[in-house]
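Everything on this sheet refers to the single structure shown next.
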Amino acid sequence: MRDVLHTLREARPAEFDPDVPVDDGVRRAELARAMAGAQAAPERRRVRRVRPVWGLSLAGAVAAGAIVAATVVTTGGNPSGGTPRAGGAEPVLDARTVLLAAAEKADGQTETMRAYWHQVTISSHTYPVRTDRYAMTVRDRAESWTPSKPGVKAWGLQQNLGAKPATPQDEAAWRRAGSPAKFELEVPVLHKAGTAKARSKTLPARTAPGRPEVNSAALVDGDKVFWLGRNVTMRDLRSLPSDPKRLKAELLRWYKGHGTESGAPMPADQWLYEVAHGLVLDMPVQPRVRAAAFRMLAGLPAVKSVGKVKDPQGRPGVAIAMDEKTQAGVIRHRMILDLSTGTALAGENIMLVPAAGTKIPAGRTMDATVTVTSEWTNSHPG
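Quick note on this note's numbering: the sequence shown kicks off at 84 and runs consecutively.
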């Protein structure tokens, strides 16, 4: 894992060198653009972002170095009442119905705030092997303990879970290559700030898992815990409005017409979707605020319903998505929800329709992050 981080830090532009990493939800969206093929972006302003304490994850480090300007595909959700599937299968509920159902369940949740917000996530990222014609999926496990009070250290645990072939076809090609235990992956990155031409970096990887690493660090400015259009404190998160219109207005105060990590233009609805994705998947907001975020998303015309799916851990859920058109093709940003609890299970970025010349095949999940645990606790690993 140290080799992975060292390689990606070298490719990291100066703008993205804060004291600690941007929320993973933001990173996942930016990573999808990087995976689709980096291109030139307008000059970016120097900003200082709050990121998880454990340092640069694979997704975060790559995404920070590769930003792609894109526009939203403005196709709406399924018609109200659901759209029948082929062969007489059960209908797909429209996005509004799905999100309002999740909001109702979230409204009924209760919680007790404790010393730390504890999360366990498993992320996967798929890249082509540099010298052979197959792709490998690298998986990471991250565990974080974010303090509820300012002036307290945050804790993190990171472990590389190893790599494996992305598909059965990739596995066959990997075996024909001699089933190597070590290989080099080709990762697209923007080499440095202001560079007009994108390039790739070599990422050393292996099939065997690495050792877990535990560390701790002070919060940025002593109290910043997450990014929500700006660096926010725990108090900021806990005081967000529970009315969807007020929540939308509060978030849009920090929208400047461009992406979360670059100066590239980004429509407001897409920006809201990405920020709300991080809010419901990662952040210790009150249940009624999570419900408000679902209701806010229900009002975005470009959000669509995908239907029943399983997340990368095999858990059943219902997916919503927003599609984004890039130069390399249409990318689907998918969020999988558990309607029985009103929680988000996972986020995925999928190449839906590759453009001509794109190496990423249609249907490939370029990256995914599963939330295994989200809870308040009084303990940490120190």
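In this text, a Cβ means the ideal position worked out from N, Cα and C, and glycines have one as well.
With a cut-off of 8 angstroms on the beta carbons, I'd call residue i and residue j a contact; round off their distance for me.
{"i": "A347", "j": "L183", "result": "Rounded, the Cβ-Cβ distance is 32 angstroms, inconsistent with contact."}
{"i": "V181", "j": "L420", "result": "7 angstroms"}
{"i": "P248", "j": "Y217", "result": "6 angstroms"}
{"i": "A288", "j": "F266", "result": "6 angstroms"}
{"i": "R213", "j": "T285", "result": "6 angstroms"}
{"i": "S345", "j": "K188", "result": "Their Cβ separation, rounded to whole angstroms, is 35 angstroms, which puts S345 and K188 out of contact at 8 angstroms."}
Among the candidates the options, whose CA atom is the shortest distance from the CA of residue i?
{"i": "K232", "options": "A451, P248, Q241 and A198", "result": "A198"}
{"i": "S206", "options": "E333, T424, V212 and T220", "result": "T220"}
{"i": "Q252", "options": "A332, M349, R224 and P211", "result": "P211"}
{"i": "G465", "options": "D190, R373 and K236", "result": "K236"}
{"i": "P367", "options": "A225, H208, H463 and R321", "result": "R321"}
{"i": "E269", "options": "A246, S283 and R259", "result": "S283"}
{"i": "H341", "options": "E333, R294, W354 and T424", "result": "W354"}
{"i": "A186", "options": "R373, Q410, P437 and T250", "result": "R373"}
{"i": "M379", "options": "E254, P327, R294 and D215", "result": "P327"}
{"i": "H463", "options": "W200, H416, A332 and T290", "result": "W200"}
{"i": "I414", "options": "L286, K339 and I443", "result": "I443"}
{"i": "P73", "options": "S423, Q410, D190 and E357", "result": "Lying before the first or after the last residue shown, residue 73 is absent from the chain, which here runs from 84 to 465."}
{"i": "T290", "options": "E254, N314 and G390", "result": "E254"}
{"i": "V308", "options": "R447, G234 and K391", "result": "G234"}
{"i": "L330", "options": "R318, K188, A359 and N314", "result": "A359"}
Determine whether the beta carbon atoms of residue i and residue j lie at a separation below 9 angstroms.
{"i": "L364", "j": "A429", "result": "yes"}
{"i": "W310", "j": "G261", "result": "no"}
{"i": "D223", "j": "Q241", "result": "yes"}
{"i": "T441", "j": "M449", "result": "no"}
{"i": "W228", "j": "G239", "result": "yes"}
{"i": "E431", "j": "A451", "result": "yes"}
{"i": "K393", "j": "P399", "result": "yes"}
{"i": "D352", "j": "M405", "result": "yes"}
{"i": "G305", "j": "N243", "result": "no"}
For the alpha helix (DSSP H) that residue i lies in, which residues bound it at each end?
{"i": "K442", "result": "It is not in any alpha helix (DSSP H) - K442 carries neither H nor E in the DSSP assignment."}
{"i": "R321", "result": "M317 to R321"}
{"i": "T487", "result": "Since the first residue shown for the chain is 84 and the last is 465, residue 487 is missing from the structure and cannot be characterised."}
{"i": "E254", "result": "P251 to R259"}
{"i": "L383", "result": "L383 -> no alpha helix (DSSP H), and no H or E assigned at all."}
Quick check: what's the CA-CA separation for residue i versus residue j?
{"i": "T456", "j": "T426", "result": "11 angstroms"}
{"i": "S299", "j": "T316", "result": "18 angstroms"}
{"i": "W337", "j": "V401", "result": "30 angstroms"}
{"i": "G312", "j": "T343", "result": "7 angstroms"}
{"i": "T204", "j": "A225", "result": "5 angstroms"}
{"i": "G412", "j": "A439", "result": "8 angstroms"}
{"i": "N461", "j": "Q369", "result": "18 angstroms"}
{"i": "V175", "j": "K387", "result": "10 angstroms"}
{"i": "A376", "j": "R179", "result": "12 angstroms"}
{"i": "V453", "j": "T209", "result": "15 angstroms"}
{"i": "G245", "j": "P395", "result": "16 angstroms"}
{"i": "P230", "j": "R259", "result": "49 angstroms"}
{"i": "Y356", "j": "S325", "result": "17 angstroms"}
{"i": "M196", "j": "M349", "result": "35 angstroms"}
{"i": "R127", "j": "V297", "result": "Model confidence at R127 stands at a pLDDT of 35, short of 50, so the residue's coordinates are unreliable; what they give is reported in the following sentence. Their backbone Cα atoms lie some 33 angstroms apart in a straight line."}
{"i": "W459", "j": "D215", "result": "45 angstroms"}
{"i": "P271", "j": "T193", "result": "43 angstroms"}
{"i": "R318", "j": "D190", "result": "20 angstroms"}
{"i": "R492", "j": "T250", "result": "The shown model of the chain, from 84 to 465, leaves out residue 492, and the question about it has no answer."}
{"i": "E333", "j": "N314", "result": "14 angstroms"}
{"i": "L323", "j": "V303", "result": "20 angstroms"}
{"i": "D177", "j": "G397", "result": "23 angstroms"}
{"i": "H89", "j": "P295", "result": "Because the pLDDT at H89 is just 37, under 50, the model does not fix this residue reliably, and the value given afterwards should be weighed accordingly. Cα to Cα, H89 sits roughly 16 angstroms from P295."}
{"i": "V389", "j": "I403", "result": "5 angstroms"}
{"i": "H416", "j": "K339", "result": "21 angstroms"}
{"i": "K391", "j": "A385", "result": "19 angstroms"}
Hey, could you find the ends of the beta strand (DSSP E) residue i is sitting in?
{"i": "M418", "result": "G412 to D421"}
{"i": "E458", "result": "T448 to T460"}
{"i": "L435", "result": "T426 to P437"}
{"i": "W200", "result": "Y199 to P211"}
{"i": "G361", "result": "Looking at the DSSP string, G361 is not in any beta strand (DSSP E); the run it does join, the alpha helix (DSSP H), is A351 to D365."}
{"i": "K331", "result": "Not the beta strand (DSSP E): K331 falls in the alpha helix (DSSP H), residues P327 to L335."}
{"i": "D223", "result": "A218 to P230"}
{"i": "S299", "result": "E296 to A300"}
{"i": "D406", "result": "P399 to T409"}
{"i": "V308", "result": "K307 to W310"}
{"i": "K247", "result": "A237 to P248"}
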